[in-house]
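Residue numbers (UniProt numbering): 1 to 317.
Glycine is no exception: its CB is placed at the ideal position from the N, C-alpha and C atoms.
No experiment lies behind these values; they were computed from the predicted model shown.
Let me begin by presenting the structure, written as structure tokens, before commenting on it.
Here it is in structure tokens:
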């Protein structure tokens, strides 16, 4: 029997009166710790004893900063009854001078695991990993690396500016520069990825489907998945800002509206991307050397694409 509007109204009131931010610290911490446990063996195998590189450093930064912040978030939630904004109580309350007030504010931001500084740090780390992926897919072109790094700094600066003037903007809009930058990354990855997939398809047909599987296809697929997930998280945040009792279709996605949950999902996706590439690179190393000789004999009109396929594998190994 379908409930009437009168019967549904108390449920809607209870739904909107519930603070969905209360369980997020615990949900995100359980999620990130579970992900850490089930991928620890791959981390040890592919990263602990590998050579030192930018990818290795960024991998550990992306992985462990999120773990530490999530655990600290639970500690703060239990200590202050889920009100992490009260972390300033742990700091010296001396507001007599401008300098001491500044110290108190900085102390509160440092102890707040959801502070904008930590959010931007995580986004910078994840976007740096994506930049290196696109750089590898493009054949390690220095101009691509410089241009994308410049855009990353500009988008971060714009986000900080909008956040500082958040009284004049909505809480969602400071993510817009980051969304634009990730869209630029996705377009660049799609261009070089599709070009690489086309070339490797010709190569696979020439070798009668015998030889290493194209790593460019894996990089392109992961780039598409990450961008779709990122845009969905952003869209859900916009839906939440204008949510009303009539928008029933938005209910199932409310678990994704918290920044902590979104950053956790993004961090896990980046970690899985890097682990999958390392697994694929290790599998390619088991190909007999005679096949490498056959692959070298195949000539292509675009040597930059060949270099991009090789560099994409070298960058993550």
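- Residue nearest to residue 220 within the set 195, 229, 145 and 271 is 195 (criterion: CA-CA distance).
- In terms of Cα proximity to residue 40, the closest of 59, 52, 27 and 53 is 59.
- Counting the other Cβ atoms within 10 Å of the Cβ of residue 143 gives fewer than 16, which makes it exposed.
- Within the stretch 135-196, no run of beta strand (DSSP E) at least 3 residues long lies entirely inside it.
- Excluding sequence positions up to five before and after residue 56, its CB lies within less than 8 angstroms of the CB of 47 and 50, all in the same chain and listed in chain order.
- CA-CA distance, residue 184 to residue 159, rounds to 16 angstroms.
- Separation of the CB atoms of residue 229 and residue 269 is rounded to 6 angstroms, and the pair is thereby assigned contact status at 8 angstroms.
- Contact annotation: residue 271 and residue 62 have beta-carbon atoms nearer than 8 angstroms.
- Around the beta carbon of residue 130, a 10 Å sphere encloses 16 or more other beta carbons of the protein chains shown; the residue is thus reported as buried.
- Taking residue 125 as the centre and dropping the five residues before and after it, the same chain places the C-beta of 58, 61, 62 and 65 closer than 8 angstroms to its C-beta, in chain order.
- One Cα belongs to residue 44, the other to residue 165, and the distance between them is close to 43 angstroms.
- Taken atom to atom, the span from the alpha-carbon of residue 227 to that of residue 181 is near 11 angstroms.
- Counting C-beta atoms within 10 angstroms of its own C-beta, residue 189 has 16 or more neighbours from the protein chains shown and is therefore classed as buried.
- Counting other Cβ atoms within 10 Å of its Cβ, residue 225 stays below 16 and is therefore classed as exposed.
- The Cβ atoms of residue 127 and residue 152 sit closer than 8 angstroms to each other.
- Here DSSP, grouped into helix, strand and coil, assigns residue 62 to helix.
- If you draw a 10 Å sphere on the C-beta of residue 139, you find 16 or more other C-beta atoms in it, and that means buried.
- In this structure, residue 118 and residue 69 form a Cβ contact; the two beta carbons are roughly 6 angstroms apart against a cut-off of 8 angstroms.
- Listed in chain order, the non-local C-beta contacts of residue 28 below 6 angstroms within the same chain comprise 70, 260, 261 and 264, local neighbours out to five positions each way being set aside.
- The three-state reading of DSSP puts residue 25 in helix, counting H, G and I together.
- In the structure shown, residue 52 adopts coil according to DSSP, grouped into three states.
- DSSP, reduced to helix, strand and coil, places residue 115 outside both helices and strands of the structure shown, so it counts as coil.
- Nearest to residue 76 by alpha-carbon distance, out of 109, 52, 54 and 53, is 109.
- One alpha carbon belongs to residue 133, the other to residue 186, and they sit about 11 angstroms apart.
- Residue 32 and residue 25 have their C-alpha atoms roughly 11 angstroms apart.
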